[in-house]
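Protein chains: 2
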Amino acid sequence: MALIEIHTEVEERLHQHHQRYSPQRREIVNVLAKAGHPLTIQDIRKRSNGLAQSSVYRNLVVLEEFDIVVKVVTNGEIGRYELAEDLTGHHHHLICSNCGVVRDVVVPHALESDIDRVLATIARREGFSLDHHRLDVIGKCAKCR
Amino acid sequence: MALIEIHTEVEERLHQHHQRYSPQRREIVNVLAKAGHPLTIQDIRKRSNGLAQSSVYRNLVVLEEFDIVVKVVTNGEIGRYELAEDLTGHHHHLICSNCGVVRDVVVPHALESDIDRVLATIARREGFSLDHHRLDVIGKCAKCR
DNA sequence: ATGAGTGCAAAGGCTTTGCATTAGG
DNA sequence: CCTAATGCAAAGCCTTTGCACTCAT
Numbered sequence: 014m015a016l017i018e019i020h021t022e023v024e025e026r027l028h029q030h031h032q033r034y035s036p037q038r039r040e041i042v043n044v045l046a047k048a049g050h051p052l053t054i055q056d057i058r059k060r061s062n063g064l065a066q067s068s069v070y071r072n073l074v075v076l077e078e079f080d081i082v083v084k085v086v087t088n089g090e091i092g093r094y095e096l097a098e099d100l101t102g103h104h105h106h107l108i109c110s111n112c113g114v115v116r117d118v119v120v121p122h123a124l125e126s127d128i129d130r131v132l133a134t135i136a137r138r139e140g141f142s143l144d145h146h147r148l149d150v151i152g153k154c155a156k157c158r
Numbered sequence: 014m015a016l017i018e019i020h021t022e023v024e025e026r027l028h029q030h031h032q033r034y035s036p037q038r039r040e041i042v043n044v045l046a047k048a049g050h051p052l053t054i055q056d057i058r059k060r061s062n063g064l065a066q067s068s069v070y071r072n073l074v075v076l077e078e079f080d081i082v083v084k085v086v087t088n089g090e091i092g093r094y095e096l097a098e099d100l101t102g103h104h105h106h107l108i109c110s111n112c113g114v115v116r117d118v119v120v121p122h123a124l125e126s127d128i129d130r131v132l133a134t135i136a137r138r139e140g141f142s143l144d145h146h147r148l149d150v151i152g153k154c155a156k157c158r
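Quick mapping for you: the protein sequence lines, in order, are chains A and B. With our numbering applied, the first sequence corresponds to residues 14 to 158, in that order. With our numbering applied, the second sequence corresponds to residues 14 to 158, in that order.
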């Protein structure tokens, strides 16, 4: 989805829930869209013009609530955020176990189908309602190898 | 692997690195082995007899360093720990997005092979060294549905 | 005017660290 | 003996909250 389309979609989604698409929220979406991979709160602040930390957190809560951004858990402590998959397409993560950096990757559709089919069965068996799956590759990035 | 074998293996592994298999470490391994799914620090403390919080954290650092336990990231904030896969067997997680509880599951070997093959290719292409993969199912457990 | 959004500072919650004490090799 | 392990309390770090102010409808 192109950047303009993303903004249109996000604006619509927020308005449907009686939320404003404020300049900061627009800026956050902008930064995340341009980055193309999960960013930490500090990453977001650096790439925008000095947004207050609390405002970033609060806006991310709102954006997350309406499925516009997703919190990604990587090597532990600090949270990273990216646009939801319905805005960017389904993908997975290559996570560096050393520095925590994340790169987005896609896997063949056939594999996705296989995974979904198997997981649906398993979830049902265990009494879980299936929301989505998370397939990450843990390794060391080029710099940390 | 049976509990006794696990202790033997852990002891050996620690000794190889000139670390002691202290009573607390043994107790932590015991608790994790019996639980059969990832536990939080507080879970571990409750199931053992009042270990000091700092000691649990420190011992987990050691156990993690020598690949005896693994930190599992679930719905965000709090860390959960479980025994490493070479002690318990390769498996995946059913994670409740609401309460964070985790259940271990295994998927067919054929699917594992397919996943590994595809991911190896992708990791190589991106300059990552492949360590392992993480396939989780995110959903709602029976209680939270 | 009226509620939402923003900034700054303070508070929270999980995790880590300092330091004195105890125990194992 | 000497280093590792343990407990308690204090410090850290990321995240959340309180409160006053500004902005948009």
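Heads up, the beta-carbon is just placed ideally off N, CA and C, and yes, glycines get one too. Note that the structure is a prediction, hence the values are computed from the model and not measured.
Distance between residue j and residue i (C-alpha atoms, nearest Å)
i	j	result
Val86 of chain B	Tyr34 of chain A	31 Å
Phe79 of chain A	Phe79 of chain B	41 Å
Met14 of chain A	Ala133 of chain A	28 Å
Tyr94 of chain A	Ala123 of chain A	27 Å
Gly92 of chain A	Leu16 of chain A	24 Å
Asp127 of chain B	Val131 of chain A	13 Å
His30 of chain B	Asn72 of chain B	14 Å
Arg26 of chain A	Glu98 of chain A	14 Å
Leu64 of chain B	Arg138 of chain A	36 Å
Cys109 of chain A	Cys109 of chain B	25 Å
Ala136 of chain B	Lys59 of chain B	40 Å
Glu77 of chain A	Gln66 of chain A	16 Å
Contact with chain B by residue i, beta-carbon distance below 8 Å
i	result
Cys112 of chain A	no
Val42 of chain A	no
His103 of chain A	no
Gly49 of chain A	no
Ser67 of chain A	no
Val75 of chain A	no
Contacts around residue i, its chain only, beta-carbon distance under 8 Å, and the 5 residues preceding and following it disregarded
i	result
Leu96 of chain B	Ile19, Val42, Leu45, Ala46, Ile81, Val82 and Val83
Asp129 of chain B	His146
Val120 of chain B	His105 and Leu148
Glu125 of chain B	His103
Val118 of chain A	His104, His105, His106, Leu107 and Val150
His28 of chain B	Tyr34
8 Å Cβ cutoff met for residue i and residue j
i	j	result
Pro51 of chain A	Val115 of chain A	yes
Gly140 of chain A	Ala48 of chain B	no
Gln32 of chain B	Val75 of chain B	yes
Leu100 of chain B	Glu24 of chain B	no
Ile57 of chain B	Tyr70 of chain B	no
Test: residue i CB closer than 8 Å to a CB of chain A
i	result
Ala97 of chain B	no
Phe79 of chain B	no
Ile135 of chain B	yes
Pro121 of chain B	yes
Arg93 of chain B	no
Arg158 of chain B	yes
Leu107 of chain B	yes
Arg71 of chain B	no
Contact set for residue i: own chain, Cβ-Cβ below 7 Å, skip 5 residues either direction
i	result
Asn111 of chain A	Lys153 and Cys157
Ser68 of chain B	Gln37
Glu90 of chain A	none
Residues near residue i by beta carbon distance below 6 Å, same chain, minus five either side
i	result
Glu40 of chain B	Ser61
Any non-hydrogen atom of the ligand FMN within 7 Å of residue i CB
i	result
Glu18 of chain B	Of ligands this structure carries none, so the ligand FMN is not represented either.
**Asked** For the 8 Å Cβ check, are there 3 or more pairs between the region 133–146 of chain B and the region 137–153 of chain A?
**Response** yes
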